[in-house]
Amino acid sequence: MAPVRMIGTAVHRILLAFPTALFPAALVTDIAYLRTAQMQWTNFSAWLIAGALVFCGVVLAWSLIELLLALRVDRRRRRLIYPALLAVLFVLGLLNAFKHSQDAWSSVGAFGLVLSILSTLVVLAAALVAYSGILNREVAR
């Protein structure tokens with residue numbers, strides 16, 4: 039692997055670490071809000087989700103560029119798994135951000151909590167795919 043590619047992969051994984059940490063943190067603050075009804079927890083959640091979306095957008099754009107470059111050489115469909123997970127994550131996170139931007143007491147609720155749970159599960163799946171190297175392994179035939 040070329041040194042430039044190794045640095046690019048490392049930077050990509052560092053950027054992925056932010057949504058991997060921020061989406062679960064938003065879930066924790068949602069649970070804290072539902073248990074205590076302190077409005078500050080919803081503010082924490084909204085900011086955590088916003089930060090996660092910024093980094094998720096960068097990682098998604100990066101993965102789409104890598105996908106386009108890889109499709110010229112390698113046409114295996116399993117390369118679509120990671121960008122698809124990131125796209126689903128971005129849409130879920132955006133819906134979650136919209137839900138958390140509602141007025142005061144209605145900003146979390148059951149639907150907001152479900153969106154946070156789904157976002158957390160999808161980001162953990164994307165991190166598992168990215169960090170495990172599943173997509174880079176050769177398949178013996």
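Residue numbers for the sequence shown follow this note's numbering, beginning at 39 and rising by one. Just so you know, even glycine gets a beta-carbon here, dropped at the ideal spot from N, CA and C.
Exposed or buried, which one is residue i when buried takes at least 16 other CB atoms within 10 Å?
i, result
"Asp-141", "exposed"
"Trp-143", "exposed"
"Ile-87", "buried"
"Val-161", "buried"
"Leu-102", "exposed"
"Ser-157", "buried"
Nearest-angstrom Cα distance between residue i and residue j?
i, j, result
"Phe-149", "Asp-112", "40 angstroms"
"Asp-68", "Val-96", "25 angstroms"
"Leu-106", "Thr-74", "47 angstroms"
"Arg-115", "Cys-94", "22 angstroms"
"Ile-45", "Leu-151", "36 angstroms"
"Thr-47", "Gln-78", "37 angstroms"
"Ser-145", "Lys-137", "6 angstroms"
"Arg-117", "Ala-70", "37 angstroms"
"Pro-121", "Ile-172", "14 angstroms"
"Ala-135", "Val-126", "14 angstroms"
"Ser-83", "Val-167", "26 angstroms"
Within its chain, find whatever has a CB closer than 8 angstroms to the CB of residue i; leave out the 5 residues flanking it on each side and keep chain order.
i, result
"Trp-100", "His-50 and Leu-53"
"Ala-163", "Leu-123"
Who are the Cβ neighbours of residue i in its own chain at under 7 angstroms, not counting the five residues just before and after it?
i, result
"Ala-23", "There is no way to answer for residue 23, as the model of the chain reaches only from 39 to 179."
"Leu-133", "Leu-153"
"Thr-80", "Tyr-71, His-138, Ser-145 and Val-146"
Just to check my reading of the structure: residue i and residue j have Cβ atoms closer than 8 angstroms, yes? What is that Cβ distance to the nearest angstrom?
i, j, result
"Ser-212", "Leu-65", "Only positions 39 to 179 of the chain appear in this structure, which leaves residue 212 out of reach."
"Gly-89", "Leu-124", "Incorrect: roughly 16 angstroms between the Cβ atoms, too far for contact."
"Leu-91", "Gly-131", "5 angstroms"
"Leu-98", "Phe-128", "5 angstroms"
Could you give the DSSP three-state label for residue i: helix, strand or coil?
i, result
"Asp-141", "coil"
"Gly-171", "coil"
"Arg-115", "helix"
"Gln-76", "coil"
Take residue i and list the residues in its own chain whose beta-carbon comes closer than 6 angstroms to its own, dropping the five residues that flank it on each side.
i, result
"Ala-63", "Leu-86"
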